[in-house]
Structure formats: structure tokens, C-alpha cells
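I have placed the structure first, in the form of C-alpha cells, so that the comments after it can refer back to it.
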Amino acid sequence: MINLYHAGFNIIENPDIHYGRKNADFGQGFYTTDSLDFARRWAREKPGADVIINSYSLDTSSLKIKEFKRDTEWFEYIFANRRQKPDIYAEYDVIIGPIANDTIYDTLGIITSGFLPDEEAMKLLMVGPCFRQIVLKSERAASNLKFLSSQVLSGDDIAEARVKYAQDNELFQAEFATAMEELEKDM
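Our numbering applies: residue -9 is where the sequence shown begins, and numbers increase by one.
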């Protein structure tokens, strides 16, 4: 059993795994995290809508789970999904792994341009905070998900989350710049 959280604008008691973008990191599915703190940071505002954190428990005992680390396999899977290629892990009920940072396409450009060897460019993808996403990909996974509660975030909660998100981004940008400088020295 794991506790999961989903940030959005609606109370979602029975998630639809077919709703949402097909070209997301791990393809189409219901995206959650096991970190309440990160769910709050991930929350976005929309005029006229409440920001809601839905809480769930997931019974994983009978589910087929694929877990990624931040490595080449993870990168290739995300890149294939963002290009809407066939899902090579379609037999899994749940996919767990790091959220791709915003430089994934810049790094891919560096890789394909030949500016850096693949292994050096891959180092850039390892920079920054590593938050986990847990994606329910099958009806079986959705049926093992139990809705626990929902919470409307206050304006103060949202402001605090924005500050943490900005701090994370500032740290990431500094680490990325340092990694680029180190790679340039080695050339």
C-alpha cells in the first residue's frame, strides 16, 4: 500500500486513465506522486477554480510495476512517449520514476548535434531535484486505487508552494550551469 496525491482543479474519486495527454513523460495515464509536499508544489492556479489535492491509497500487491531511475532507459522512454511512439512498457499497470526536468529537449539537441558525447550529455539530465511521479496506466491499477480525501489549498498554501517551486528552479538552474561549465572544461 502506498499513499498518493494528485493536484488539480477537481475532486477526482474515480480517475480516468485515458484522460490527459498521450505525450506526457510516461504516456497517457493518471499521474500522481507519493509526496504531498511535491503535489503542493506541482499545483497550478486557474481563474475561478479551487486548487485541490486529492489523496489516495494504492494496493500494489497484485500490480505489475516498472520503476525507473534517472538514467538512459528512463530518458529513452520519456523521449519516445513525448513523440507518441508505441509504449514499450504497455504491459505494466504502474510506472514509477523521476519527473523530467525542462532541459530534456535541450539536452537531446546537444546529444543529436554531436556537441557532446551521449554519456556527457546524459550527465545534464541527472542535475537538479529528483521528484517521483507514479502513473496508473491500466484499469487494474485504477481499480486498486482508493480515494481517501480532498483538500482545497488556501491562498497561503499556494503562495508557499510557489516559493518552494521557485527555490527548486533556482537551485536547478545553478546546478545545470555548473554541470555545463564542467563539461566545457573537459572538452
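C-beta: ideal position from N, C-alpha, C; glycine also.
Given Phe(-1), which residues of its chain have a CB within under 8 Å of its CB, disregarding the five upstream and five downstream residues?
The beta carbon of Phe(-1) is closer than 8 Å to those of Lys36, Ala39, Asp40, Val41, Ile42 in its chain, skipping five residues each way along the sequence.
Against chain D, with Cβ distances strictly below 7 Å, would Thr50 count as a contact?
Protein chains in the displayed structure number just one, and chain D is not present.
What is the DSSP secondary structure of Arg122, reduced to helix, strand or coil?
Strand, per DSSP.
Assign Gly145 to one of three DSSP states: helix, strand, or coil.
Residue state for Gly145 is assigned as helix, using DSSP reduced to three classes.
Taking the C-alpha atoms as reference points, what is the distance between Ile78 and Arg122?
Cα-Cα distance, rounded: 20 Å.
Between Asp146, Leu26, Ser140, which has its C-alpha nearest Ile1's C-alpha?
Among Asp146, Leu26, Ser140, the Cα nearest to that of Ile1 is on Ser140.
Any idea if His(-4) is buried or exposed, counting beta-carbon neighbours within 10 angstroms, 16 or more meaning buried?
Buried is the call here.
Mind reading off the beta-carbon distance from Gly87 to Glu57? Whole number of angstroms is fine, and I expect it under 8 Å.
Rounded, the Cβ-Cβ distance is 6 Å, consistent with contact.
Excluding the five sequence neighbours on either side, which residues of its own chain have a C-beta within less than 6 Å of the C-beta of Gly17, listed in chain order?
In chain order, Asn71, Asp77 place their CB closer than 6 Å to the CB of Gly17, counting only its own chain and leaving out the 5 sequence neighbours on each side.
Taking only the alpha-carbon atoms, compute the straight-line gap between Asp6 and Leu138 and give it to the nearest angstrom.
Counting only the Cα atoms, Leu138 lies some 17 Å from Asp6.
Beta-bridge pairing of Lys56 - partner residues as DSSP gives them:
Under DSSP, Lys56 shares a beta bridge with Ile85.
Roughly how many whole angstroms lie between the Cα atoms of Ala151 and Arg31?
In a straight line, the C-alpha of Ala151 is about 5 Å away from that of Arg31.
Given this structure, state the Cα-to-Cα distance separating Val142 from Lys59, to the nearest angstrom.
Straight-line measurement puts the Cα of Lys59 at about 32 Å from the Cα of Val142.
Grab me the residues of Tyr82's own chain with a C-beta within less than 7 Å of its C-beta, minus the 5 sequence neighbours each way, in chain order.
Shown here for Tyr82: same chain residues with a beta carbon closer than 7 Å to its own, the five before and five after excluded, namely Lys54, Ile55, Lys56, Lys127 in chain order.
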